[in-house]
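Structure first, then comments.
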Amino acid sequence: MTNKENNLKKIQGTIESIPENFSILEERIDIALQGKYFSYAQKRKEEKKIDNLSELEDQLNNPNTKLDQKRKILVRLAGQNQIESFRIIERIQKKTKGVIKKWAVLALQESRMVLQSSLLGEQQVFISTGLGGKGQKIRYFFAFRKKDIDTPFTPGQDKIIRIELEDFLSRNDGELEKIRLIDGIAYGLFLFPLKKDLQNNFNIVLEKSNQYGNFLDNGVLITNVQSLSLNEIKDLIN
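This is the structure in structure tokens:
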């Protein structure tokens, strides 16, 4: 078994071990920002119940409060097993913009998980990716290319790809959100159930499309980290 096959097997094993009561972060938040948030959360020491919640909310609403201090407050509130703490984060998340809004989204998700774990008496599993998701589905970016990339897709090839992709996703409880075919490259976004084996199934789209002229390259790019521009895709191909 190659290292690649072994890594894929480990990933699939991890996914299969996830319990049914998992939650997926729906918003698209940069992976680096998520990593920073979880780094803050790991440094948070076990704290007693916060009594001055209104004071902390005032600091969050104060435009003079430094960004880093607001981050620390939100992380601190997220670790509290209190409904009012959750409501404060929720109010901040709704009214703010930019980086602190995304930080508040992560804090709100963590706060929700803390409350659910307490109420249900079992640990909740929270899954986040750069592209987010919906329900129990992960959002993926995909790209594949024509063998003769210097020629555009014909109308017939365009139709074949769309039909086969839609058919594949509908049979697997997936959803196509966006697709573009330009300069010999097909790319877009789709939602796919986390626990279904995407790695070994997506090639069906290419195989079935190639029954009508063998016009697609066998390689495919799939990621849940970020979307790529057409120029970025071309750079990877080159």
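Heads up: the sequence shown begins at 93 in my numbering, then just goes up one per residue.
Each residue gets a CB set at the ideal place from its N, CA and C atoms; glycine is no exception.
query, result
"Please report the residue range of the alpha helix (DSSP H) in which Leu159 lies.", "Leu159 to Ala170"
"Taking the beta strand (DSSP E) that Val217 belongs to, which residues open and close that run?", "Val217 to Ile219"
"Counting only the same chain and skipping the five closest in sequence on each side, list residues whose C-beta sits under 8 Å from that of Tyr232.", "Leu223, Leu281, Phe282, Leu283, Phe284, Leu290, Ile314, Thr315 and Asn316"
"Once the 5 residues before and after Gly248 are set aside, which same chain residues still bring their CB inside 6 Å of it?", "none"
"Who are Leu313's beta bridge partners in DSSP?", "Ala235"
"Which two residues bound the contiguous beta strand (DSSP E) that contains Phe114?", "Phe114 to Ile116"
"CB-CB under 6 Å to Phe245, same chain, minus the five flanking residues each way: which ones, in chain order?", "Leu273"
"Does Lys336 pass the burial test, meaning 16 or more other C-beta atoms within 10 Å, or should it be called exposed?", "The shown model of the chain, from 93 to 330, leaves out residue 336, and the question about it has no answer."
"How big is the Cα-Cα spacing for Ile37 and Lys194?", "Summary: the structure shown does not reach residue 37, with the chain confined to residues 93 through 330, and so no result is reported for it."
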